[in-house]
Amino acid sequence: MAETNQATIKRVLVSSPPGQFDIIVEDLRSILPKASISSSLEPNFISAVRSEWESASGRSSLAAADGTGSDDGDGCITSISKAMDNYIALKFSSPGVRAAHTVTASTVDDTPTLTISTYAERIDLHNHLVGSMKGSYTICPSSGSLCGNISILAHAFENGGNVQLHSDISMEANNVGKSCSPSDDDEKQSSWAKAVTRKIESWEDNEVMERLSGMYNSMGSTYLKSLRRAMPITRTKMEWNVMAHRVVQTLGEGHDKEKFKH
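As numbered in the working numbering, residues 851 to 1112 make up the sequence shown, in order.
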């Protein structure tokens, strides 16, 4: 029974929104039978699940003190790490936002590649709102080919309500127009790194922020109308034709940069 309970508990905890892992653990303590708490929520199990949750959510990036991986003397890694430092500081500087990045080297099909992992979160439990954005970008320095994936999680909860948004957006391979080699001089490596961060910024602004803004702006006339009846001034209920309000904006179209700032 304990194993079955732990499997269920693990699924719940790994799905925890940012800033709520410990809260959910305490909630579980309050609803589980007292006889099973010690076996189902034993410390080693909770610690292991916490590590898995932080890795899966991207929060493990926050544990890196300087936000970067080891450069091993590779000027390309050093340059992209510095460029990402500047990018994170510029784009994720709003009050209450925590953000970090890591850069790691690997080899894919005998080709050296770099993986840039980014994570940002804003936790406002007092106002019942939390959200996070995780990015993973793979760049081939020698060719300049860049691809990536961005995952969004938002959670709003108040007075018994509980709404979550989960979205994964994939970015097809795109060439940044520049290449990098460890033997290049500092100026060329820096120019390449800036081209990479400009492309990442373009993706995050256009493929994420604009879509979220479009979805937000359309909710009142599309998504929410399919969930309720409106009471007009005549006090006569109207039947909304759901098909007439097609949900075609998968994460929105249009943009409101003032509403959705990093």
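The beta-carbon is built from N, C-alpha and C at its ideal position, and this holds for glycine as well.
Straight-line Cα distance separating residue j from residue i
i	j	result
Arg879	Ile887	6 Å
Met1059	Ile930	23 Å
Ala915	Ser1001	Bear in mind that the predicted position of Ala915 carries a pLDDT of just 44, short of 50, making it unreliable; the figure below should be weighed with that in mind. Near 23 Å, if we compare the C-alpha coordinates of Ser1001 and Ala915.
Gly917	Leu891	Confidence is the limiting factor: at Gly917 the pLDDT is only 43, short of 50, which leaves the residue's position unreliable and the question unanswerable from this model.
Ile944	Ser1020	Looking at the sequence itself, residue 944 is Ser, so the reference to Ile does not match. Each residue's Cα considered, the two are about 26 Å apart.
Asn977	Ala1004	13 Å
Pro868	Glu971	7 Å
Arg861	Ser889	17 Å
Glu1008	Arg948	23 Å
Cys997	Trp1053	10 Å
Asn1063	Lys984	Per the sequence shown, residue 1063 should be read as Ser rather than Asn. Near 18 Å, if we compare the C-alpha coordinates of Lys984 and Ser1063.
Trp903	Ala1023	28 Å
Asp959	Asn1012	45 Å
In DSSP terms, what residue i is bridged to
i	result
Ser1033	Paired residue(s): none; Ser1033 is not in a bridge.
Ile1002	Met983 and Ser1017
Pro962	Thr957
Ser886	None, per the DSSP bridge assignment.
Ala950	Tyr969
Thr988	Thr965 and Cys997
Asp974	Leu979
Asn1012	Phe1007
C-beta atoms of residue i and residue j nearer than 8 Å
i	j	result
Ala950	Tyr969	yes
Ser1031	Ser993	no
Cys990	Thr952	no
Ser911	Ser967	yes
Gly1027	Ala1045	yes
Leu863	Phe871	yes
Tyr937	Glu1051	yes
Residue environment, residue i, which counts as buried when at least 16 other CB atoms sit within 10 Å
i	result
Leu964	buried
Asp924	buried
Lys1049	buried
Val899	buried
Ser907	buried
Ala933	buried
Lys941	buried
Gln1039	buried
Alpha helix (DSSP H) segment containing residue i, residue limits
i	result
Arg909	Segment: none, Arg909 is in no alpha helix (DSSP H) and carries neither H nor E.
Ser1063	Glu1060 to Ser1068
Ser830	For residue 830 there is no data in the structure shown, the boundaries of the chain being 851 and 1112.
Val1026	From DSSP, Val1026 is part of no alpha helix (DSSP H); its letter is neither H nor E.
Leu878	Phe871 to Ile881
Any C-beta of chain B under 8 Å from that of residue i
i	result
Ser911	In the structure shown, chain B cannot be found, because there is only a single protein chain.
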